[in-house]
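For the sequence shown, our numbering begins at 503 and goes up steadily by one. Think of the CB as a built atom: it goes at the ideal place given N, C-alpha and C, for glycine as much as any other residue. This structure is a prediction, so every number in the text was calculated from the model and none was measured.
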Amino acid sequence: MSEFNEFDQQGSVPNKDTGSIISHSFEMYKGVFLYGIVAMVIYMIAGFAIQLITGFNSASMMEEMKDAGGGLFFL
503 MSEFNEFDQQ GSVPNKDTGS IISHSFEMYK GVFLYGIVAM VIYMIAGFAI
553 QLITGFNSAS MMEEMKDAGG GLFFL
């Protein structure tokens, strides 16, 4: 933790006026939002690939569990 120097870099710190701070925070928000979308797409592609390779279909298994009563986990 002693080597944390994000705030020492002048390139990532906005100027101290309101417009710069809002612009900087919006750019950071877009980056975080983009990471979430990319992670979701990778998750969906990997799930589809695993389903194709193994033939395991979790959606149909969940429907079968619901129809069979499902125990305490399904209301």
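Distance from the CA atom of Met530 to the CA atom of Leu536, rounded to whole angstroms, is 10 Å.
In the DSSP assignment, Gly571 falls outside any alpha helix (DSSP H), carrying neither H nor E. Rounded to whole angstroms, the gap between the alpha carbons of Met563 and Asp569 is 10 Å.
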